[in-house]
Amino acid sequence: MSSSVEAITVLSSDGDEFKITVSAAKLSKPLNWMLEDVCFSDDCDEVPTIEVNSKTLVKVIEYCEKHAPRANSGASDSDAEELKKWDIEFMKMDVKDILFHILMAANYLHMEGLYDLACQTAADLMKGMTVSQIRKIFHIKNDFSSEEQEQLRRQHPGCSFD
Amino acid sequence: MSDQEESEYEVIAVSKQQKSRSEVIVNDRISSLPDSLLHHILSFLPTREVVATSLLSKRWRPLWHSMPTFDFEGRGISSLDFFIQFVDAVLLLADWKPIEKFRLKCRTFCTLQNGLRFEYKRVPPTRINIWISTAINRKVEHFELCSDDNEYIVAASSIFNGTTIRVLKLNWVRLDIPSSVKLPSLKVMHLVKVKLTDYECLANFLSGCALLEELVLDVSVDDDGGGEEEGEGEEEEDFTVNIEKLEHLVLANVHSFLINSKALTNVTCLQLYVDKPPVRDIPIFDKLNRLEISSVEYEHLKWVMECLRSCPKLEILMINEIYVRDDSDRGREGALMEPTQDVPQCLLSHLKEFTLRDYDGWKWEFEIARYIMENAKVLRTISIHCVYMDVDEKYKNLNMLASCPRGSEHCSFLFD
Numbered sequence: 003m004s005s006s007v008e009a010i011t012v013l014s015s016d017g018d019e020f021k022i023t024v025s026a027a028k029l030s031k032p033l034n035w036m037l038e039d040v041c042f043s044d045d046c047d048e049v050p051t052i053e054v055n056s057k058t059l060v061k062v063i064e065y066c067e068k069h070a071p072r073a074n075s076g077a078s079d080s081d082a083e084e085l086k087k088w089d090i091e092f093m094k095m096d097v098k099d100i101l102f103h104i105l106m107a108a109n110y111l112h113m114e115g116l117y118d119l120a121c122q123t124a125a126d127l128m129k130g131m132t133v134s135q136i137r138k139i140f141h142i143k144n145d146f147s148s149e150e151q152e153q154l155r156r157q158h159p160g161c162s163f164d
Numbered sequence: 017m018s019d020q021e022e023s024e025y026e027v028i029a030v031s032k033q034q035k036s037r038s039e040v041i042v043n044d045r046i047s048s049l050p051d052s053l054l055h056h057i058l059s060f061l062p063t064r065e066v067v068a069t070s071l072l073s074k075r076w077r078p079l080w081h082s083m084p085t086f087d088f089e090g091r092g093i094s095s096l097d098f099f100i101q102f103v104d105a106v107l108l109l110a111d112w113k114p115i116e117k118f119r120l121k122c123r124t125f126c127t128l129q130n131g132l133r134f135e136y137k138r139v140p141p142t143r144i145n146i147w148i149s150t151a152i153n154r155k156v157e158h159f160e161l162c163s164d165d166n167e168y169i170v171a172a173s174s175i176f177n178g179t180t181i182r183v184l185k186l187n188w189v190r191l192d193i194p195s196s197v198k199l200p201s202l203k204v205m206h207l208v209k210v211k212l213t214d215y216e217c218l219a220n221f222l223s224g225c226a227l228l229e230e231l232v233l234d235v236s237v238d239d240d241g242g243g244e245e246e247g248e249g250e251e252e253e254d255f256t257v258n259i260e261k262l263e264h265l266v267l268a269n270v271h272s273f274l275i276n277s278k279a280l281t282n283v284t285c286l287q288l289y290v291d292k293p294p295v296r297d298i299p300i301f302d303k304l305n306r307l308e309i310s311s312v313e314y315e316h317l318k319w320v321m322e323c324l325r326s327c328p329k330l331e332i333l334m335i336n337e338i339y340v341r342d343d344s345d346r347g348r349e350g351a352l353m354e355p356t357q358d359v360p361q362c363l364l365s366h367l368k369e370f371t372l373r374d375y376d377g378w379k380w381e382f383e384i385a386r387y388i389m390e391n392a393k394v395l396r397t398i399s400i401h402c403v404y405m406d407v408d409e410k411y412k413n414l415n416m417l418a419s420c421p422r423g424s425e426h427c428s429f430l431f432d
């Protein structure tokens, strides 16, 4: 890779082009490997595709750009605190909309921080909820027969069901 | 179904390699995630809630059995008997595979007996030991034991043979450290509010943790006579613990009495609680970059200056509190160091940031801020954070500090 390159262009699975700075791309292991292996200089016209849709990729890149400075240099406690607040705001999104795509993308791109953040956000939606509330939030269909349900109930006494 | 929805559906379905599911999946995205992702989501929930998700649907039914993490907490569970039954049952029914993380948070259960008196019950130590052994037999990597209500938990020595443990966190635990400690994988250890039989056993303990990288130590010694801490301090004035150097240790948060052992000399980041400064010489910390002193009595500031002398490459210094035991001592005379002593090397060449918290403007706080401002030649930032004070008082303090000579040309001064 030529050291003069500061940003690279990638394609989303929908075929849209996105720019991402090199320091931000380093947050993802596969992107980092690409940076090392593939030529990203101007005379190289091959644009790599990332199997993530455009809507999700925008958010993923936003996260990377925000976290890159800290990941690359380390930062003070106050920065860490500010970043945490930013993460919470960043994750305020509609469950049905994009959270699970971010989760899948973070997993696919080996981005530990974002992956944990997305999983934590999903878990927080379940925390303290009854079984029927969780079903409602995530549109999970109860496919147990009533006999099966009764049996399960007997097997797990004391758990908060519905 | 719109195009967008369709493409989103594909991403999930392809990755699951199950293309033939019904349309339900389109809405129920969470259930179509692979097991490993669902496990990771569930790892953020207490085990009790994880087990309850098996009632959601057939997809969720078997998931908890293969969870690699356990998080048992007594809170929210009505009785001790049920808590014990629950933990036993989960450990018995779960798949027998390595445990990534095991966390046990105990509490006291209170029941009313015959409507007359309260009875307090805790998990018996024998039962806790069985759970610990189970976790260790299942090659646990991250082990946490803590108390929910500041009552000590008596833990078994089997923890000290957890050869697979990489992270060990104990909080409000009473430990009896055996003569043989084998924690060859241990990288992170936090012992907070941990009671030991004596401080000497720490040497034994730490010598069994050769790969340790991060250490948080907030321990005290069991004194059955119930003697007050102050008496204890005087007795152990010249006491030291000899611990072999921990080559990999980079981050430590410990009592100040530990720093004259060789154990910590490789750290880059050190947080100290200055309760009983050792009298012996301090070894050189030539990799130390950041020193945070959480609390120090003004009488020990001289010792802090000695510390600075031993950290030639220190770049960041933070003092969170300088306190005085007896207010009548506030006017006492003294000096930070002997007049013949040189300025510590780190001030001349490395110190870039200095932070002082809980500032209320009394003599010794001002003195140390002034000294550092005057003598630190490459200082970039000095931050003083005040305790609450009225505007006039604050202005007066600000003026006093701002008029001090500065040794560094490019030093910004923050005061709030």
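Line order of the protein sequences matches chains F and S. The numbering of the first sequence is the working numbering, which starts it at 3 and goes up by one. The numbering of the second sequence is the working numbering, which starts it at 17 and goes up by one. Glycine included, C-beta positions come from ideal geometry on N, C-alpha and C.
Asked                                                                                                  : Found
Alpha carbon of N145/S to alpha carbon of H206/S, nearest angstrom                                     : 20 Å
Rounded C-alpha distance that separates A110/S from V103/S                                             : 11 Å
Rounded straight-line distance, which links the Cα of R123/S to that of P140/S                         : 11 Å
In DSSP terms, what Y375/S is bridged to                                                               : C402/S
Below-8 Å beta-carbon distance, F146/F vs any chain S residue                                          : yes
Neighbour list for V133/F in chain S, Cβ cutoff strictly below 8 Å                                     : A68, T69, L71 and L72
Length-filtered (3 minimum) beta strand (DSSP E) runs lying within the region 146 to 200 of chain S    : 158 to 163 and 183 to 187
Same chain, Cβ closer than 7 Å to K21/F, neighbours up to 5 away in sequence not counted               : A9 and T11
Which listed residue (S424/S, S272/S and T371/S) has its alpha carbon closest to that of R286/S        : Note on residue identity: the sequence assigns Leu, not Arg, to residue 286/S. For L286/S, the nearest C-alpha among the options comes from S272/S.
DSSP-derived helix/strand/coil call for M131/F                                                         : coil
Contact list for C121/F against chain S, beta-carbon separation under 7 Å                              : H56, I57 and F60
Chain S residues whose Cβ lies nearer than 9 Å to that of F92/F                                        : The premise fails here: F92/F is roughly 17 Å from chain S at the closest Cβ pair, so nothing lies under 9 Å.
Whole-number beta carbon distance between W188/S and I169/S, since they are thought to touch under 8 Å : 6 Å
Rounded straight-line distance, which links the Cα of N43/S to that of H141/F                          : 6 Å
Cβ of N34/F within 8 Å of any chain S Cβ                                                               : no
Minimum Cβ-Cβ distance from S47/S to chain F less than 8 Å                                             : yes
Residue range of the unbroken beta strand (DSSP E) whose run includes E260/S                           : Looking at the DSSP string, E260/S is not in any beta strand (DSSP E), and its letter there is neither H nor E.
Environment of D61/F [buried if 16+ CB atoms lie within 10 Å]                                          : Just to set this straight, residue 61/F is Lys in the shown sequence, not Asp. Buried, because 16 or more other Cβ atoms sit within 10 Å of the Cβ of K61/F.
Spatially closest choice to I193/S from A219/S, L288/S and E381/S, by CA coordinates                   : A219/S
CB contact below 8 Å: M128/F versus chain S                                                            : yes
Cutoff 8 Å: D345/S Cβ touching any chain F Cβ                                                          : no
DSSP state of A351/S mapped onto helix, strand, coil                                                   : coil
Length of the line joining the Cα atoms of E89/S and F118/S                                            : 11 Å
6 Å CB neighbourhood of V270/S in its chain, flanking five on each side removed                        : L233
Own chain, CB closer than 6 Å to I136/F, minus 5 neighbours either side, in chain order                : M128
Contact check, S47/S vs S82/S, beta carbons under 8 Å                                                  : no
Beta-carbon gap between I335/S and I309/S smaller than 8 Å                                             : yes
Alpha-carbon to alpha-carbon, Y387/S and P299/S                                                        : 24 Å
Residues that DSSP places opposite F88/S in a beta bridge                                              : L120/S
DSSP-derived helix/strand/coil call for C225/S                                                         : coil
Residue interval of the alpha helix (DSSP H) (run including V496/S)                                    : An answer regarding residue 496/S cannot be provided, because it is not within the stretch 17 to 432 covered by chain S.
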